[in-house]
Amino acid sequence: MIQGMENQTSNPLLSLSSSPLREEKTSVHGRLSYRFLPFNCSSSHSSVQDFRRFSKQSSEAAGRILRYILLSMVKQALAVAAGEEEVVPEAEPARPLPPPPTAVGPAVLVPPLNFAMVDYGVFRSGFPDAANFGFLRALHLRSILCLCPEPYPDANVDFLRANGIRLFQFGIDGYKEPFANIPEDTIREALEVVLDIRNHPLLIHCNRGKHRTGCVVGCLRKLQRWCLASIFDEYRCFAAAKARVSDQMFMEQFDISSFKLSQASFSS
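Numbering (UniProt numbering), first residue to last: 1 to 268.
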């Protein structure tokens with residue numbers, strides 16, 4: 001048993017608590033703890049004294065800060081009363097903001113709904129209104145081809161007269177599938193106007209610039225020898241979710257043999 005105790009004591013891991021290194025570590029820890037505490041915790045008497053001394057020093061520091069603030073406020077008040085201006089460093093002057101853009105004017109051009117260029121001198125869109133007049137004026141149009149049967153608005157008529165723009169109107173009633181009635185003769189007359197370069201620059205429009213305008217442009221593409229896949233793809237770009245099978249069937253079956261120009265190209 002005594003031999004076992006000797007072996008246990010001789011084990012350096014088990015005898016660490018009684019080693020000089022442990023005592024040295026404890027004494028160092030004690031010194032560090034005492035250094036960073038505001039008062040000594042070694043005894044109750046010294047703790048009370050250290051706490052009182054720490055409180056007194058804190059009070060004196062707070063008093064000095066308060067006196068400095070009060071003196072600064074009094075000094076500033078006396079300077080204002082004497083009419084002296086406080087010296088303030090000059091700030092960088094603010095940069096003037098740009099004027100907001102006007103709703104209607106040469107600086108802001110608003111295209112009509114679904115506006116796009118079909119070919120050189122030929123454009124397409126939805127029904128233009130007064131907000132689009134500045135944009136249309138910038139196109140230097142000679143003609144407008146309207147595919148709506150309703151009377152043209154007075155404001156639009158005045159705009160055409162003021163800018164020397166000729167109006168061609170071929171009324172095609174709006175329709176919805178399956179009761180589709182696309183007048184082929186009217187489409188042919190509208191195409192004759194589009195093919196005449198003396199009417200260029202020209203704008204083709206209906207109400208939304210999707211179905212009636214899409215049929216006229218699709219038939220024009222057949223004259224330009226476009227394949228049906230490209231014609232239908234362009235049509236669906238503007239009709240989107242409202243693309244109609246009847247419109248695509250009409251463009252596919254449209255006969256272009258009666259036109260004098262076998263290939264219409266306005267590019268220059």
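By construction, the Cβ of each residue, glycine as well, lies at the ideal position given by its N, Cα and C atoms.
None of the values given here were measured: they were computed from a predicted structure.
| query | result |
| --- | --- |
| Range covered by the alpha helix (DSSP H) that runs through F232 | L228 to A239 |
| Boundaries (first-last residue) of the alpha helix (DSSP H) holding L113 | Here L113 belongs to no alpha helix (DSSP H), and DSSP marks it neither H nor E. |
| Limits of the beta strand (DSSP E) - the one that C146 falls within | S143 to C146 |
| Pairwise C-alpha distance: F250 and A190 | 15 angstroms |
| Own chain, CB closer than 6 angstroms to F179, minus 5 neighbours either side, in chain order | Caution is warranted here: a pLDDT of 49 is assigned to F179, below 50, making its placement in the model unreliable, and the coordinate value is therefore given only provisionally. Closer than 6 angstroms at Cβ, skipping near neighbours: no residue. |
| Segment contact, 8 angstroms Cβ cut-off, at least three pairs: the region 225 to 243 with the region 185 to 205 | no |
| C-beta contact flag for V110 and F135 at 8 angstroms | yes |
| For V80 and R64, the rounded distance between their alpha carbons | 25 angstroms |
| Own chain, CB closer than 6 angstroms to N114, minus 5 neighbours either side, in chain order | S125, G126, G209 and F238 |
| 8 angstroms CB neighbourhood of V157 in its chain, flanking five on each side removed | L167 |
| Extent of the continuous alpha helix (DSSP H) to which Q248 belongs | V245 to Q253 |
| Span of the alpha helix (DSSP H), counted from its first residue to its last, around I187 | E184 to L195 |
| Coil, strand or helix - R67 by DSSP | helix |
| Contact belief for I172 with R142 at Cβ below 8 angstroms, rounded distance in angstroms | At roughly 22 angstroms, the Cβ-Cβ gap does not stay under 8 angstroms, so I172 and R142 are not in contact. |
| Contact check, I256 vs K222, beta carbons under 8 angstroms | yes |
| DSSP-derived helix/strand/coil call for F123 | strand |
| L220 versus L160: straight-line alpha-carbon distance, rounded | 25 angstroms |
| Reference Q169, options E150, E60 and C146, closest by Cα | C146 |
| Residues bridged to L167 [DSSP beta-bridge criterion] | I144 |
| Local conformation of D139 per DSSP, three classes | Looking at the sequence provided, one finds Leu at residue 139 rather than Asp. Reduced to three states, the DSSP call for L139 is coil. |
| Neighbour-count burial assignment, H140, 16 or more Cβ in a 10 Å radius | exposed |
| One or two residues paired with L203 in a DSSP bridge | F123 and I144 |
| Boundaries (first-last residue) of the alpha helix (DSSP H) holding V216 | R212 to L223 |
| Cut-off 6 angstroms between Cβ atoms - residues of its own chain near F133, not counting five sequence neighbours on either side | F159 |
| Proximity to V118 [Cα-Cα], best of Q248, K260, F259 and H200 | H200 |
| Per-residue burial, R212 [other beta carbons within 10 Å of its own, 16 or more giving buried] | buried |
| Test item: CB-CB of G214 and D185 under 8 angstroms | no |
| Where G218 falls, given that 16 or more other Cβ within 10 Å makes a residue buried | buried |
| Cβ neighbour criterion (16 or more within 10 Å) applied to R244 | buried |
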